[in-house]
Structures are given as structure tokens and as C-alpha cells.
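Comments concern the structure below.
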Amino acid sequence: MFQVKVMSVKDYRFAVDLANTMGWGVEVDDFRFNQFLEPEGCLVLFDGLVPVGLATCVSFGNGGWFGNFVIRPDYRGQGGGRLLLEHAIGYLQGKGVESIGLYAYPYLEEFYSKFGFKADLELTVMHNTGLQINTNNNNDNDDDGCVAVSKVEGCLDFSDLLRFDRRFFGVDRSQLLRNIIQERGNRCCYVAKKSKEIVGYGLAKDYGTMVEVGPLVCCPDKSKGAFELLQKMLGELKDRSVVLYLLQDQKVLQEFLLGMGFSKEFSLSRMFLGVPPIQRGVYLAESLERG
Numbered sequence: 002m003f004q005v006k007v008m009s010v011k012d013y014r015f016a017v018d019l020a021n022t023m024g025w026g027v028e029v030d031d032f033r034f035n036q037f038l039e040p041e042g043c044l045v046l047f048d049g050l051v052p053v054g055l056a057t058c059v060s061f062g063n064g065g066w067f068g069n070f071v072i073r074p075d076y077r078g079q080g081g082g083r084l085l086l087e088h089a090i091g092y093l094q095g096k097g098v099e100s101i102g103l104y105a106y107p108y109l110e111e112f113y114s115k116f117g118f119k120a121d122l123e124l125t126v127m128h129n130t131g132l133q134i135n136t137n138n139n140n141d142n143d144d145d146g147c148v149a150v151s152k153v154e155g156c157l158d159f160s161d162l163l164r165f166d167r168r169f170f171g172v173d174r175s176q177l178l179r180n181i182i183q184e185r186g187n188r189c190c191y192v193a194k195k196s197k198e199i200v201g202y203g204l205a206k207d208y209g210t211m212v213e214v215g216p217l218v219c220c221p222d223k224s225k226g227a228f229e230l231l232q233k234m235l236g237e238l239k240d241r242s243v244v245l246y247l248l249q250d251q252k253v254l255q256e257f258l259l260g261m262g263f264s265k266e267f268s269l270s271r272m273f274l275g276v277p278p279i280q281r282g283v284y285l286a287e288s289l290e291r292g
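In the working numbering, the protein residues as written are 2 to 292.
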């Protein structure tokens with residue numbers, strides 16, 4: 002009989018091994034970080050005493066995200082996945098979450114739609130195994146320029162960044178962003194300013210074997226700032242393996258990345274249960290499991 006339990010430390014190795022059967026390249030620290038953000042949001046599906054599936058979820062005030070969803074192949078189609086998703090939805094809604102987002106593989110869209118999730122746009126996973134830097138920036142389809150890009154420094158930059166993110170992403174991600182910026186080794190954190198006012202920011206997480214670039218959020222009318230942020234960040238990552246999650250409405254940025262040697266890995270649909278938060282100027286997602 003299936004049951005859902007909160008993930009414990011002793012479940013981390015199972016979670017990593019099962020997740021990586023999907024080719025996700027996750028590590029123990031990924032689940033440790035998810036559980037730090039949402040202690041009861043890392044879930045394991047058990048058949049008796051045997052772990053057979055997992056999922057994670059995280060709340061951002063009245064918004065939430067669902068991810069890392071995988072069931073052992075020999076247990077699929079038996080109702081365990083439905084139980085996991087129902088448990089996560091109930092948990093998040095019990096915390097006051099009104100809108101739950103996720104990124105769905107195409108073959109799972111129908112499954113999620115049965116729970117009321119609706120797709121709104123697509124996201125492309127892009128990867129570069131040994132980044133080489135092209136310093137030519139031919140992005141001329143923009144505003145009047147004068148955007149200055151610099152490292153995130155001091156409490157003022159940080160406070161302004163949090164306010165900016167909430168304004169454009171639509172929910173309060175302060176705990177998530179605070180931990181990305183303050184994590185040792187995550188030095189690739191930048192803000193873009195015009196007349197001393199933040200118009201965008203970009204963060205990256207260094208996992209040793211690879212770097213995950215995102216989130217990157219910028220005012221829609223300051224798209225040149227998004228290019229300058231991304232170029233500055235990639236400039237620190239020469240010869241590194243870099244992965245990022247690009248919203249597919251950013252066609253010009255996609256061409257720029259392809260010209261930098263990035264390749265498209267696969268695409269996912271962004272789906273929401275409930276009214277989606279108003280999101281503007283989001284160029285790169287933070288991650289697949291946290292939005």
C-alpha cells in the first residue's frame with residue numbers, strides 16, 4: 002500500500018539515484034537545499050518500507066512550485082504518482098498557496114491537466130559543455146542603453162534586488178534568493194542599474210561539476226540589460242559546463258546563446274494550477290524544481 006512521507010536524510014541517496022535515472026545530474030546538496038527552503042516539502046513515496054518515488058515542492062507566500070517528480074519505472078501507472086501530486090497540492094494549499102507552478106515534460110501535460118493545471122508557455126533547457134566567450138554583442142533592438150552592470154554588494158543592493166524580484170516574478174522569493182547569493186562559491190551574482198535604480202539582476206549557482214545560470218530577471222523595456230547581465234556572468238564561466246532554462250518567448254536571447262555554442266537539450270511546458278502570478282521580464286528560470 003502506497004504512503005507519502007517527508008524525506009529524511011537517510012532517503013537522500015535513494016532520491017539522488019532515482020532522480021538521475023532521468024538524466025538530471027542532481028546531487029545530495031540539491032535535496033538538502035530544497036529541504037532547507039521547505040522542510041516538509043521533500044516527499045518520498047513508499048510501498049510498505051520500500052521507497053519507490055519522490056517529489057519536491059516549495060512555497061513562496063501565496064505562490065508555490067512542484068518539481069523533481071519521478072516514480073520507479075516498475076511502479077508507474079499504479080496510482081503512486083497521483084498520490085504524490087495530491088499530497089503536494091494539499092500541503093501547499095494548506096500553507097495558503099493560491100497558485101502552483103511546474104514545468105512538465107510533453108508526455109505529462111495530460112496527466113497534470115487532470116488536476117486543473119493549464120499550460121501558458123514553453124521553456125527550453127540549454128547546455129554548453131565547455132563555454133567559450135564571444136565578446137561581440139550585436140543586440141541593437143533595445144532602449145537607450147546606459148545600463149551599468151556590477152556585482153551584488155551590500156545590504157542596499159540586496160534589499161533592492163528582493164523588491165525588484167517580487168515586483169516582476171509575482172511572489173516573494175526572498176529566502177531562496179538570499180541563500181543563493183550568500184552561499185559560498187556563488188560569486189556570479191550581478192545587478193543591472195540605470196541611474197542607480199535596479200533594472201535587472203542575474204544569479205548563478207556553482208555545483209562544482211557544472212554551473213546553473215538563473216534566475217535572470219530584467220525590465221521588459223530594458224532588454225539590453227539582460228544581454229549585458231548574461232555576458233558579464235558568462236564571462237566568469239569560461240571552459241565551464243553551463244546549463245540554463247530559457248523562456249521560449251526570448252527568441253533574440255536564444256539566438257545569442259546558440260551563437261555562444263549552447264545547444265538545446267529539451268523543452269518543457271510551464272503550467273499553473275490557479276491564477277498564475279503576473280510575471281514580466283523573466284528571461285531565465287531559477288531551476289526546474291523551483292521556478
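Even glycine gets a Cβ: it sits at the ideal position worked out from N, Cα and C.
Take residue 234 and list the residues in its own chain whose beta-carbon comes closer than 7 Å to its own, dropping the five residues that flank it on each side.
For the purposes of this step, residue 234 is taken as residue 233 along the sequence shown, with counting starting at 1. Around residue 234: 189, 191, 203, 205, 214.
Starting from the N-terminal side, write out each stretch of the alpha helix (DSSP H) that is 4 residues or longer and does not extend beyond the segment 142 to 179.
Under the rule that a run must span 4 or more residues, the alpha helix (DSSP H) segments found entirely inside the segment 142 to 179 read 155 to 170.
Name the two residues that bound the continuous beta strand (DSSP E) containing residue 23.
Here residue 23 is taken as the residue at index 22 of the sequence shown, counted from 1. Taken as a continuous stretch (DSSP letters only), residue 23 belongs to no beta strand (DSSP E), as it is neither H nor E.
Cα separation between residue 290 and residue 16?
Here residue 290 refers to the residue found at position 289 of the sequence shown. Here residue 16 refers to the residue found at position 15 of the sequence shown. Rounded to the nearest angstrom, the two C-alpha atoms are 14 Å apart.
If you run the structure through DSSP and keep just helix, strand and coil, what is residue 53?
Numbered from its first residue, the sequence shown carries residue 53 at position 52. Looking at residue 53 - three-state DSSP - the assignment turns out to be strand.
Apply the 10 Å Cβ neighbour rule to residue 221 and answer buried if 16 or more other Cβ atoms are within range, or exposed otherwise.
Looking up residue 221 in the sequence shown gives position 220. Taking all protein chains in view, the Cβ of residue 221 is surrounded by fewer than 16 other Cβ atoms within 10 Å, so the residue is classified as exposed.
Does any C-beta atom of chain C lie closer than 7 Å to the C-beta of residue 230?
No chain C is part of this structure, which consists of one protein chain only.
Rounding to the nearest angstrom, what Cα-Cα distance links residue 219 and residue 40 in this structure?
Counting from one through the sequence shown, the residue named residue 219 turns up at place 218. Counting from one through the sequence shown, the residue named residue 40 turns up at place 39. Distance between the alpha carbons of residue 219 and residue 40: 30 Å.
So residue 124 packs on residue 286, CB below 8 Å; how close in whole Å?
Here the question's residue 124 lines up with position 123 in the sequence shown. Here the question's residue 286 lines up with position 285 in the sequence shown. Yes, residue 124 and residue 286 are in contact; Cβ-Cβ is about 6 Å, under 8 Å.
What residues in its chain sit with their C-beta under 8 Å from that of residue 33, if we drop five residues either side in the sequence?
The residue given as residue 33 occupies position 32 in the sequence shown. Short of 8 Å from the beta carbon of residue 33, and not among the five residues preceding or following it, lie these beta carbons of its own chain, in chain order: 13.
Would the segment 272 to 283 count as touching the segment 165 to 177 if we require 3 or more Cβ pairs under 8 Å?
They touch, by the three-pair rule.
Rounded to whole angstroms, what is the Cα-Cα separation between residue 20 and residue 107?
As a working note, residue 20 is residue 19 in the sequence shown. As a working note, residue 107 is residue 106 in the sequence shown. In a straight line, the C-alpha of residue 20 is about 18 Å away from that of residue 107.
Helix, strand or coil for residue 199, going by three-state DSSP, please let me know.
Indexing the sequence shown from 1 puts residue 199 at position 198. When DSSP states are grouped into helix, strand and coil, residue 199 belongs to the strand group.
Taking the alpha helix (DSSP H) that residue 275 belongs to, which residues open and close that run?
Locating residue 275 in the sequence shown gives position 274, where the first residue counts as 1. Looking at the DSSP string, residue 275 is not in any alpha helix (DSSP H), and its letter there is neither H nor E.
Entirely within the segment 58 to 111 and at least 3 residues each: give me those beta strand (DSSP E) ranges in chain order.
Scanning the segment 58 to 111 for uninterrupted beta strand (DSSP E) segments of 3 residues or longer gives 64 to 72, 100 to 105, listed from N- to C-terminal end.
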